[in-house]
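Asks: Residue numbers for the sequence shown follow the numbering used here, beginning at -15 and rising by one. A virtual CB, placed ideally from N, CA and C, is assigned to each residue, including glycine. Below is a structure I'd like to ask you about.
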Amino acid sequence: MRLPIFAHPTTTVLVDDSDSFLKSLSFQLDPLLPSKTFHDTTMALDWFNASTRRADLPLHVNFDILNQTADQPNVAVDVRRIHDLCASHHRFTIPSVLVVDYSMPQMNGVEFCRQIEYLPCKKILFTGAADEKIAVNAFNEGLIDRFIRKSDDDALDRLEQEILAMQRAFFVDQAETLRDLLSLHDYSFLRCNTMAGLVRELYTKHGFVEHYLHSSPTGILFLDQHGRATLMVIETEQGMHAQYEVARDNDAPQSLLTALQERRVLPFFPPEAGAGMYSTAAGEQWHRYCCAPQVLQGRERYYWALFEFPGHYLDSPVYPFSEFLNSRHPPCDLAA
């Protein structure tokens, strides 16, 4: 299990030559899985080719580094650009998963997948029993990621499960290089399977629908479907020691220093009170910005806690998933 540096709801594209089947399928799918349907493969291909592409990853190569030669580039990452994505109105329209029928008159499902092989979306093939060998060959060739027989009694349940799994895989794959870079520094928890499992549990427990990596302090910014934000602050032993040192160097109250030394508190000092680390602005009111940490033993020991995150801490207001859902009318967008 891998933890992507960000994930949000996306669009599932359904392609089948049967209008009635498309209407039935899109109606039965979880309403929190927005879909776009096509019964014409040519229109579907045109839409894919014109669809929203993901923005560039928030990194650049910096050659202007003292004591380094030009052949020793330094990669800089602006993590703030990651959670800035939550203001985008277009993020929910990104096609992350394609569900396509195999047997269609214009073009079969395998050939359709071949036409968009260059796109990063995950591909699920709906097949009849007689098409299973073709589906296996397409899977082995890397043209599809999953296949499901339409005739199976649990086909719909399996489809929903596979769509969710493929959406997660989509985000893992999209920024895998960046995730590996960040995990070597302040974001070691990105390599921790135990942390990835905890994040999944928090999604379910608190109704979160998206998350983004956060800096200052290090952690994960969660959003529910109404755009309400919660910050999961995550510190290692090294990070907790850094919190203590900064507080000590800024003449923090002894009560805070003791609590940090004993790992009894985990701070989230907002912009007006330290921007992640203690500053004199917090003063004797430091306890307002602290919670008792929970401990996760994964690749190393992690201290974490959840904090309310006011929207004005972000550079731009959140565009909530619920607003996107309400703007979609009719709910099942059937291409003519």
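Enumerated in chain order, which unbroken segments of the beta strand (DSSP E) with a length of 3 residues or greater are wholly contained in the segment 182 to 261?
Replies: Runs found: 192 to 198, 203 to 208, 213 to 219.
Asks: Tell me the start and end of each unbroken beta strand (DSSP E) in the segment 57 to 138 that is at least 3 residues and wholly inside, in chain order.
Replies: With a minimum length of 3 residues, the continuous beta strand (DSSP E) runs that stay inside the segment 57 to 138 are 58 to 61, 79 to 85, 106 to 111, 130 to 133.
Asks: Are the beta-carbon atoms belonging to Thr202 and Glu219 less than 8 Å from one another?
Replies: Position 218 of the sequence shown, counted from the start, is the residue given in the question as residue 202. Position 235 of the sequence shown, counted from the start, is the residue given in the question as residue 219. Taking 8 Å as the Cβ cut-off, Thr202 and Glu219 qualify as a contacting pair.
Asks: Give the secondary structure of Glu292 by DSSP, where H, G and I count as helix, E and B as strand, and everything else as coil.
Replies: Along the sequence shown, read from residue 1 onward, the residue named residue 292 stands at position 308. Strand, per DSSP.
Asks: Given that a residue counts as buried once 16 or more other Cβ atoms are within 10 Å of its Cβ, and exposed if not, what is Pro(-7)?
Replies: Translated into positions along the sequence shown, residue -7 becomes position 9. Buried, since its Cβ has 16 or more Cβ neighbours within 10 Å.
Asks: Determine the direct distance from the alpha carbon of Leu197 to that of Thr25, and round the result to whole angstroms.
Replies: Against the sequence shown, residue 25 aligns to sequence position 41. Against the sequence shown, residue 197 aligns to sequence position 213. Going by the C-alpha atoms only, they are around 37 Å apart.
Asks: Can you tell me whether Val279 is buried or exposed? The criterion is at least 16 other CB atoms within 10 Å of its CB, across all chains shown.
Replies: The residue you call residue 279 lines up with position 295 of the sequence shown. Under this definition Val279 is an exposed residue.
Asks: Tell me the DSSP bridge mates of Ala149?
Replies: For the purposes of this step, residue 149 is identified with residue 165 of the sequence shown, where counting begins at 1. DSSP lists no partner for Ala149.
Asks: Mind checking which residues open and close the beta strand (DSSP E) that includes Leu(-2)?
Replies: Here residue -2 corresponds to residue number 14 of the sequence shown, with the count starting at 1. Residues -5 to -1.
Asks: If we count the other Cβ atoms within 10 Å of its Cβ and call it buried at 16 or more, is Leu182 buried or exposed?
Replies: If you number the sequence shown from 1, residue 182 lands on position 198. Flag for Leu182 reads buried.
Asks: Taking a contact to mean a Cβ-Cβ separation below 8 Å, would you say Gln245 touches Pro304 in this structure?
Replies: Taking the first residue of the sequence shown as 1, we reach residue 245 at position 261. Taking the first residue of the sequence shown as 1, we reach residue 304 at position 320. In this structure, Pro304 does not lie closer than 8 Å to Gln245 by Cβ.
Asks: Opposite Phe(-10) in the DSSP bridges: which residues?
Replies: Numbered from 1 along the sequence shown, position 6 holds the residue referred to as residue -10. Beta-bridge pairing links Phe(-10) to Tyr196.
Asks: Excluding five sequence neighbours on each side, which residues of the same chain lie with their C-beta closer than 8 Å to the C-beta of Glu116?
Replies: Against the sequence shown, residue 116 aligns to sequence position 132. Phe131, Arg133, listed in sequence order.
Asks: Nearest-angstrom Cα distance between Ala39 and Arg64?
Replies: Your numbering for residue 39 matches position 55 in the sequence shown. Your numbering for residue 64 matches position 80 in the sequence shown. Since pLDDT at Ala39 reaches only 48, below the 50 mark, its modelled position is unreliable, and no value is offered.
Asks: How long is the line joining the alpha carbons of Val120 and Arg163, rounded to whole angstroms?
Replies: By 1-based counting over the sequence shown, the position of residue 120 is 136. By 1-based counting over the sequence shown, the position of residue 163 is 179. Cα-Cα distance, rounded: 31 Å.
Asks: Could you pull out every residue in the same chain whose Cβ sits closer than 7 Å to the Cβ of Met179, ignoring the five residues on either side in sequence?
Replies: Mapped onto the sequence shown, residue 179 falls at position 195. The answer, listed in chain order, is Leu(-13), Phe173, Leu280, Gly282, Tyr286.
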